[in-house]
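Structure first, commentary second.
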Amino acid sequence: MRPDGRKNDELRTIRIEKNFIKNADGSVLIELGNTRVICTASIENKVPPFLKDQKKGWITAEYGMLPRSTPVRMLRESTSGRVGGRTHEIQRLIGRTLRAVVDLEKLGERTIWIDCDVIEADGGTRTASITGGYIALVEAVKKTMNAGMITENPIKDSIAAISVGIVLGEPRLDLCYAEDSQAEVDMNIVMTGSGKFIEIQGTAEIYPFSKENLLQLLSLAEKGIREIIRVINNLD
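Residues 1 to 236 (full-length UniProt numbering) make up the sequence shown, in order.
Quick look at the structure:
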């Protein structure tokens, strides 16, 4: 029995509220169960120095967890004076997965900043950030196209992400924190709406896993991601 009574192949309840931050070019509050993340997209009419005069844009991300997003207050990374390794890893993951579905030349010499702020963490914060970041990105691109700044839609495909794992010997979809903290195998999967994989992060936390386990988890992730994509496609 899972902590919240779900079936092993069942997602947590998904709630998505677009235009959550009025000042942003695109924004969303995404909730998966008790995990809640605010994602915003901000467009700048410039690119990093390494892309100067290359006639294409860039997408990058920042990620952070609020002090009371967890049961015990955590220090802000600005207080410690440095960004932690986990945060660096997640920021790079969000940026590269979103770039995989964007034609950067059609974006023009612009940078889109994706900011993901976790306000409540109960497992799956990085995957929720990717999904929410994609929705915010789409909204920002729509706004820019409506203003006539971009003539062709640079977004080539939809994208979503989910966690899967093996807990107490059982393959499970969309792990909450109680499951993630005791998982024998933990994976984060990113896929496109057309069914192609962008990222597969898999780790044997306790015991090595078999090829059969891998295929089971990939199948679970694909099922969950297709459900999330359907929710995204049905948004107003």
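Note that beta-carbon positions come from the ideal geometry of N, C-alpha and C, so glycine has one too.
What you are looking at is a predicted structure, and each value in this text was computed from that prediction instead of being measured.
- Cβ-Cβ distances below 8 Å link residue 213 to 166, 171, 185 in the same chain, with the five nearest sequence neighbours on each side left out; the list follows chain order.
- Within the same chain, Cβ atoms closer than 6 Å to the Cβ of residue 221 are found at 162, 164, 189, the five residues on either side in sequence being excluded.
- Closest in C-alpha terms to residue 110, from the list 72, 68, 57, comes 57.
- When the beta-carbon positions are compared, residue 132 and residue 39 come within less than 8 Å of each other.
- Rounded to the nearest angstrom, the gap between the Cα atoms of residue 211 and residue 55 is 43 Å.
- By the criterion of a C-beta distance shorter than 6 Å, residue 45 is surrounded in its chain by 110, once the five residues flanking it on both sides are discounted.
- Residue state for residue 140 is assigned as helix, using DSSP reduced to three classes.
- As far as DSSP is concerned, residue 104 takes part in no beta bridge.
- Here residue 188 carries a strand assignment [DSSP, helix/strand/coil].
- Sorting 217, 22, 89 by C-alpha distance to the C-alpha of residue 60 places 89 at the top.
- Per DSSP, the beta bridge partners of residue 117 are 38, 64.
- Where residue 211 is concerned, there is no enclosing beta strand (DSSP E), although the alpha helix (DSSP H) around it starts and stops at 211 to 233.
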